[in-house]
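Comments concern the structure below.
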Amino acid sequence: MERVGSCSVCGKNAAVNTPCVDKEGNLYCYECSRKQNKLLQGIDQYKDDNGRYITVPDLVYGECSVFVCENEVSAYLGGGTESFYLTPAEQKLPLEEIIGILRSYVDKGWHRCSSCGKELRTETEIAGRPLFAGICCEECWKKHLELLAEERRKGYICSMCGRPYSNCCC
Ligand SMILES: [Zn+2]
Ligand SMILES: [Zn+2]
Ligand SMILES: [Zn+2]
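First residue of the sequence shown? That's 71 in this note's numbering, and the numbers climb one at a time after it.
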């Protein structure tokens with residue numbers, strides 16, 4: 071099968087992670103897709119038998135992204151660096167509407183606790199950022215630190231890096 075080719079912005083091979091296309095059919099590599107100020111459609115790394123792009127459910131709009139894996143919808147801010155909590159009702163919305171919610175948070179400079187969904191309206195309300203794109207309100211950050219302390223006590227420690235399992239990415 072034929073790979074999708076090179077990015078229309080930077081010229082690099084776009085067949086890495088999830089490439090994107092815009093309405094005009096321009097191709098974007100994963101990195102460049104996170105810098106465009108328009109809605110982009112995620113595509114497969116390979117074209118179909120007729121040489122056409124194969125779309126996947128993922129949508130990207132600048133630093134906002136939403137994707138579906140085994141029917142579970144995940145949303146991110148910061149180009150994938152900050153997981154965005156979706157309520158069960160929001161999980162069922164069309165992905166384009168979810169992108170709209172994400173963009174409204176970026177416009178206002180707000181965030182959501184990735185554990186409980188609490189709105190974080192100022193940077194000082196962000197108490198911590200646990201591994202794997204987490205962002206925590208004060209209460210959830212405390213719980214996270216308690217969990218790490220408990221793991222240390224119980225010896226749930228990674229033998230590679232010496233950290234508690236919940237703070238290890240080995
Ligand atoms: Zn590029
Ligand atoms: Zn929270
Ligand atoms: Zn580790």
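Every residue, glycine too, gets a C-beta built ideally from N, C-alpha and C.
Model, not experiment: these values are computed from the prediction.
For residue i, report the span of its beta strand (DSSP E) as first-last.
{"i": "G112", "result": "109–113"}
{"i": "P127", "result": "125–131"}
Throw me the rounded Cβ distance for the residue i and residue j pair, which I believe falls under 8 Å.
{"i": "S236", "j": "L217", "result": "6 Å"}
{"i": "L156", "j": "I168", "result": "7 Å"}
{"i": "V176", "j": "L147", "result": "6 Å"}
{"i": "W180", "j": "E193", "result": "Going by Cβ atoms, the distance from W180 to E193 rounds to 10 Å, so no, they are not a contact pair."}
{"i": "G112", "j": "D128", "result": "3 Å"}
{"i": "C77", "j": "C99", "result": "4 Å"}
Mark residue i as exposed unless 16 or more other C-beta atoms lie within 10 angstroms of its C-beta, in which case mark it buried.
{"i": "A84", "result": "buried"}
{"i": "P158", "result": "exposed"}
{"i": "R182", "result": "buried"}
{"i": "I124", "result": "exposed"}
{"i": "S184", "result": "buried"}
Since residue i is in the alpha helix (DSSP H), which residue starts that stretch and which ends it?
{"i": "C102", "result": "100–103"}
{"i": "G170", "result": "165–178"}
{"i": "K162", "result": "K162 -> no alpha helix (DSSP H), and no H or E assigned at all."}
{"i": "A219", "result": "208–224"}
If you run the structure through DSSP and keep just helix, strand and coil, what is residue i?
{"i": "K155", "result": "Per the sequence presented here, residue 155 reads as Tyr, with Lys not at that position. Correct three-state label for Y155: coil."}
{"i": "G198", "result": "strand"}
{"i": "E142", "result": "strand"}
{"i": "S229", "result": "coil"}
{"i": "N87", "result": "coil"}
{"i": "E189", "result": "strand"}
{"i": "S76", "result": "strand"}
{"i": "S135", "result": "strand"}
Is residue i close to ligand 4? I mean its beta-carbon at under 7 Å from any heavy atom of the ligand.
{"i": "R222", "result": "In terms of ligand content, the structure shown lacks ligand 4 and carries ligand 1, ligand 2 and ligand 3 instead."}
Considering only heavy atoms of ligand 3 and the C-beta of each residue, which residues fall inside 7 Å, strictly closer? C228, M230, C231, R233, C238, C239, C240
Check each residue's C-beta against every heavy atom of ligand 1 and list, in chain order, those closer than 5 Å. C77, V79, C80, C99, C102
By C-beta, the residues closer than 5 Å to any heavy atom of ligand 2, given in chain order: C183, S185, C186, K188, C207, C210
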